[in-house]
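Those sequence lines, one after another, are chains A and B.
If you're matching positions, the first sequence starts at 3 in my numbering and goes up one per residue.
If you're matching positions, the second sequence starts at 3 in my numbering and goes up one per residue.
Using N, Cα and C, we set each Cβ at its ideal position, and we do this for glycine too.
2 protein chains.
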Amino acid sequence: MTLEETMIKMTFDRWNALLKQFNTALESLTDEQLQHEISPGRNRGIYLLGHLTAVHDSMVTLLDLGERLYPEMQEIFINKPDKSVPEIPSAADLRQKWQHVGNVLDEAFANMQPSDWFQKHTAVTAEDFAGEPYRNKLNIIVTRASHLAYHLGQFILIK
Amino acid sequence: MTLEETMIKMTFDRWNALLKQFNTALESLTDEQLQHEISPGRNRGIYLLGHLTAVHDSMVTLLDLGERLYPEMQEIFINKPDKSVPEIPSAADLRQKWQHVGNVLDEAFANMQPSDWFQKHTAVTAEDFAGEPYRNKLNIIVTRASHLAYHLGQFILIK
C-alpha cells in the first residue's frame, strides 16, 4: 500500500461510513417525518436532504467528472435558507435525486486512479495549485465528509 | 511540500477549523444556556462539552503522548448517556478542562515530525499495522475531526 493509497483509504473510509449512517437514518424516516424540524425553528429534514444532494451534486464539477445533474437545486438548497422558497421538490423526488447523485459519484470514483486524487480540483488555478498542493481532489472528499458529518449529527435528531 | 506534509495539512486544516467553530459557538453561550438541550429530549450542551473533552482527552493515550488528564470523565461523558449521572462537573469547570485538553494536544502536536503521523497509534498491534498502515496517528485526527463535526452540527442548535 503506497502512501497515496493509505491516505485515500483513510479519507474514503470516513466518507463511506458517514454516507452509510446517513442512509440508514434516511431510510428510517417517513416522508412525513422529513417535514419535521431537527430542532424547533431550525431546518427541516427535507431541506437537509436537498442541501446535501445539491452539495454532493456540485462535487461532480469540482472533481471534473462532468456536468451537475441538478443545477437548479443550488438556488433552493444552497443559496436560500429553508422555508424561504414556496415550492420545493417532494421528499420522494429528493430521495431519488440523492441516490442518483451518490451512484454517479461512486461510479466515477471507481474509475479514478490513486494519483488522480492528488491533482487539482476545478476551483483552483494551476498557478495557485503549484504552491498549494493540498487543494487537490481528495481534499474535496475531506471537506465534504466534514460537511456531511455536521449535518448527519442534526439529521439523526428528527423524530 | 512532501506528500506526507500535504496530507497532514489537509487533515489539520479541517481539525483546526472545526475546533475554531466549536470554540466560537461555546464562547457565545452562557453557562445557563449550556444546560439547554440541543433538541427536545436530546443531549444538553454541557453533556456535549464534557463528551468532546473526554474523547479528545483519550487522544493523548491513543497518540502515545502521555497519560489522560481526566480519566474519570470517561465514565460520565462516554460510557453513560446524558442525565443518567446525578452530579456532573459544572459548566465553568468543563470549559477549563476543554481548553486545557486542547492546549496539551496542540503543544504535543507541535513537537511531532511529519513521519510520526504515519506511525501506528496505540490501539493497533504492530502485527496488524503491518498490513493496515492506515491505522496510523493521523487517522485518529481524521476520525476525531469527523466526530467533532457531527457534534458541532448539534451544538450550534443550542439557544
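> Since E7(B) sits in a beta bridge, which residues does DSSP pair it with?
Replying inline: In the second sequence, residue 7(B) corresponds to position 5, counting from 1. Answer is none; E7(B) lacks a bridge partner.
> Would DSSP call N25(B) helix, strand or coil?
Replying inline: Here the question's residue 25(B) lines up with position 23 in the second sequence. In the structure shown, N25(B) sits in a helix (DSSP, three-state: H, G or I).
>> Please report the straight-line C-alpha distance between P91(B) and F131(B), rounded to a whole angstrom.
In response: In the second sequence, the residue the question calls residue 91(B) occupies position 89. In the second sequence, the residue the question calls residue 131(B) occupies position 129. In a straight line, the C-alpha of P91(B) is about 38 Å away from that of F131(B).
> Under a Cβ-count criterion, where at least 16 other Cβ atoms within 10 Å of its own Cβ denotes burial, should T4(B) be classed as buried or exposed?
Replying inline: The count along the second sequence starts at 1 and reaches residue 4(B) at position 2. Classification for T4(B): exposed.
> Going by beta carbon distance, what residues of the same chain come within less than 6 Å of Q156(A), once the five residues before and after it are set aside?
Replying inline: Taking the first residue of the first sequence as 1, we reach residue 156(A) at position 154. Within the same chain, Q156(A) has close Cβ partners I40.
>> So D33(A) and A94(A) are supposed to be a Cβ contact under 8 Å. How far apart are they, rounded?
In response: Locating residue 33(A) in the first sequence gives position 31, counting from the first residue. Locating residue 94(A) in the first sequence gives position 92, counting from the first residue. Confirmed, Cβ separation roughly 6 Å.
>> Suppose you measure from the CA of V103(B) to the CA of F120(B); what does that come to, to the nearest Å?
In response: Taking the second sequence and counting its residues from 1, the one referred to as residue 103(B) is at position 101. Taking the second sequence and counting its residues from 1, the one referred to as residue 120(B) is at position 118. C-alpha separation (whole angstroms): 23 Å.
>> In whole angstroms, give me the CA-to-CA distance for Q35(A) and T26(A).
In response: Residue mapping note: residue 35(A) aligns to position 33 of the first sequence, counting from 1. Residue mapping note: residue 26(A) aligns to position 24 of the first sequence, counting from 1. So the two alpha carbons sit approximately 14 Å from each other.
> Quick one: what does DSSP say K122(A) is sitting in, helix, strand or coil?
Replying inline: Position 120 of the first sequence holds residue 122(A). In this structure, K122(A) counts as strand in the three-state DSSP scheme.
> Among T127(A), S86(A), H123(A), which one has its Cα closest to the Cα of N45(A)?
Replying inline: Here residue 45(A) corresponds to residue number 43 of the first sequence, with the count starting at 1. The option with the nearest alpha carbon to N45(A) is S86(A).
>> Any heavy atom of the ligand SAH inside 7 Å of the beta-carbon of M12(B)?
In response: Summarising the ligand content, the structure contains no ligands, and the ligand SAH is consequently not present.
> In chain B, what lies closer than 8 Å to I40(A) by C-beta?
Replying inline: By one-based count along the first sequence, residue 40(A) stands at place 38. Within 8 Å Cβ-Cβ: S41, L159.
> Is there a Cβ from chain B that is less than 8 Å from the Cβ of Q156(A)?
Replying inline: As a first step, residue 156(A) must be located in the first sequence, where it is residue number 154. Closer than 8 Å: yes.
> What is the rounded straight-line gap between the Cα of K99(B) and the Cα of Y136(B)?
Replying inline: Counting from 1 along the second sequence, the entry for residue 99(B) is found at position 97. Counting from 1 along the second sequence, the entry for residue 136(B) is found at position 134. Roughly 30 Å separates the two Cα atoms.
> Between the beta-carbon of T13(A) and the beta-carbon of V106(A), is there less than 8 Å?
Replying inline: Start at 1 with the first residue of the first sequence, and residue 13(A) comes out as number 11. Start at 1 with the first residue of the first sequence, and residue 106(A) comes out as number 104. Taking 8 Å as the Cβ cut-off, T13(A) and V106(A) do not qualify as a contacting pair.
> What residues of chain B sit near H53(A), judged by a beta carbon separation below 8 Å?
Replying inline: Looking up residue 53(A) in the first sequence gives position 51. Neighbours of H53(A) in chain B, taken as residues whose beta carbon is under 8 Å from its own, are absent, since the nearest beta carbon is some 12 Å off.
>> Assuming I160(A) and H38(A) are in contact, meaning their beta carbons sit under 8 Å apart, how far apart are those beta carbons, in whole angstroms?
In response: The sequence position of residue 160(A) within the first sequence is 158, counting from 1. The sequence position of residue 38(A) within the first sequence is 36, counting from 1. About 5 Å separates the beta carbons of I160(A) and H38(A), which is inside the 8 Å limit, making them a contact pair.
> Taking 8 Å as the CB-CB cut-off, is T8(A) touching chain B?
Replying inline: Position 6 of the first sequence, counting from 1, holds the residue named residue 8(A). Closer than 8 Å: yes.
>> With DSSP as the reference, identify every bridge partner of N45(B), one or two as the case may be.
In response: Here the question's residue 45(B) lines up with position 43 in the second sequence. Residue pairing of N45(B) in beta bridges, as defined by DSSP: absent, with no partner found.
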